[in-house]
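To convert, note that position 36 of the sequence shown is 40 in our numbering; the numbers rise steadily by one, no gaps.
A virtual CB, placed ideally from N, CA and C, is assigned to each residue, including glycine.
Please read these numbers as outputs of a predicted model, since none were measured by experiment.
Working notes, structure below.
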Amino acid sequence: MSYALDLGDAGVLASGNWLPVRSVSWGIALVFAVMLAFGPSLEALAQVLPHMPAFEFMAKAAGAVIVLVAYALLVRVGEQRWPAELDPRVAPLATATGLVVGVVMFSSVMLALLGTDAFSTAFHGPAPAWHAAGLAIESSVLEEVLVRGVVLRLMWRAFGPVVAFGISALLFGLGHIGNPGATWFTTACITLEAGVMLGAFYALTGRLWVSIGVHAGWNFAQGYVFGARVSGSDFGDALATSLPRADSPDWMTGGAFGPEASLASLTICTAVGAVVLFLAWRSGRFVPRPFMERQSEEKS
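Structural data, given as structure tokens:
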């Protein structure tokens, strides 16, 4: 499930003078335009649809679709291409693969936390999943499109992969600094584990779908399956309730921010990210290739 990495090399991203300036400016414009399409639309849907869990889920899912469509149309106009990173032909399998990987990864984190007696988990049985599923879909699509599809891709086009990974991972971490329970340590964890790992899946596959799936699967498992805090937020109804033990230090459990800021999460996610980055490097993802060569690979 690995495809050519198309960073864009036409339209506003065509080679020539001021490419870094044009890439950064275009990235800022994309972020504002996508958010302008997403925010008011989601608010309008929330006002029109009944205030029931199933309809709230529909609103969030529709918001995710709006983000994808807005991004695709903007890229088509500004970069004179349809975004290969959102190729719909590979979306079902790639997203499903990512979902499984995300659930397995977070389950591994919780097993480590429970095994070290840093957390306690009490399972309650079946519970409505509408709210948690909606939040997982909305956050994963919006954040992956903006951070990986816009920031990582355009910084890569302008400055190369090392700078692009550094900037996108740091912005992803800082984007969570205002969340409940956030500290500089939790920000560093999000930067190193999720910022790099999710970008690595995009670099390896050339598509955003696996990153979206991993992000959504992780959040859903964390907030709904185990009932833990997700970046400091409560995902509502859950199959269980997972709480850090009072005698365990925050660096071990993630504290009020949630298990993703724990040592176990930092270790597991950083290891996965390093492996995926290595596979991307072995696949030649960090060596620029001409546009026609990428096109030929995609057709073969």
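Check: Which same chain residues, not among the five before or five after residue 146, have their C-beta less than 6 Å away from its C-beta?
Finding: 71
Margin query: Less than 8 Å between the beta carbons of residue 62 and residue 53, yes or no?
Written below: yes
Notebook entry, point to check: Are residue 268 and residue 41 close, meaning C-beta to C-beta below 8 Å?
Noted result: no
Next item on the list: Return yes when the Cβ of residue 102 is within less than 8 Å of the Cβ of residue 221, no when it is not.
Entry: yes
Check: When the distance is taken between beta carbons, is residue 142 closer than 8 Å to residue 194?
Finding: no
Margin query: Which same chain residues end up closer than 6 Å to residue 281 when comparing Cβ atoms and leaving out the 5 residues on each side of it in sequence?
Written below: 204
Next item on the list: Would you kindly work out how many angstroms separate the C-alpha atoms of residue 298 and residue 89, rounded to a whole number?
Entry: Its pLDDT being 45, under 50, residue 298 is placed unreliably in this model, and the value from its coordinates should be taken loosely. Near 13 Å, if we compare the C-alpha coordinates of residue 89 and residue 298.
Margin query: Do residue 224 and residue 140 count as a contact pair if the criterion is CB distance below 8 Å?
Written below: yes
Notebook entry, point to check: Beta-carbon separation of residue 152 and residue 206 under 8 Å?
Noted result: yes
Notebook entry, point to check: Among 213, 45, 32, which one has its Cα closest to the Cα of residue 148?
Noted result: 213
Next item on the list: Report the option in 68, 111, 159, 56 whose CA atom is closest to the CA atom of residue 135.
Entry: 56
Next item on the list: Would you mind sorting residue 121 into buried or exposed? The rule is 16 or more other CB atoms within 10 Å of its CB.
Entry: exposed
Item checked: Distance CB(residue 9)-CB(residue 210) smaller than 8 Å -> yes
Notebook entry, point to check: Do the stretch 226 to 245 and the stretch 179 to 187 touch if we need at least three Cβ pairs shorter than 8 Å?
Noted result: yes
Notebook entry, point to check: Where in the stretch 113 to 156 do unbroken runs of the beta strand (DSSP E), each at least 3 residues long, occur, reported from the N-terminal end onward?
Noted result: 123 to 127
Notebook entry, point to check: What is the rounded straight-line gap between the Cα of residue 275 and the Cα of residue 163?
Noted result: 25 Å
Next item on the list: Would you give the residue range spanned by the beta strand (DSSP E) that residue 165 belongs to?
Entry: Element bounds for residue 165: not the beta strand (DSSP E) but the alpha helix (DSSP H), 165 to 178.
Margin query: Using 8 Å as the threshold, is the C-beta distance between residue 199 and residue 174 below it?
Written below: yes
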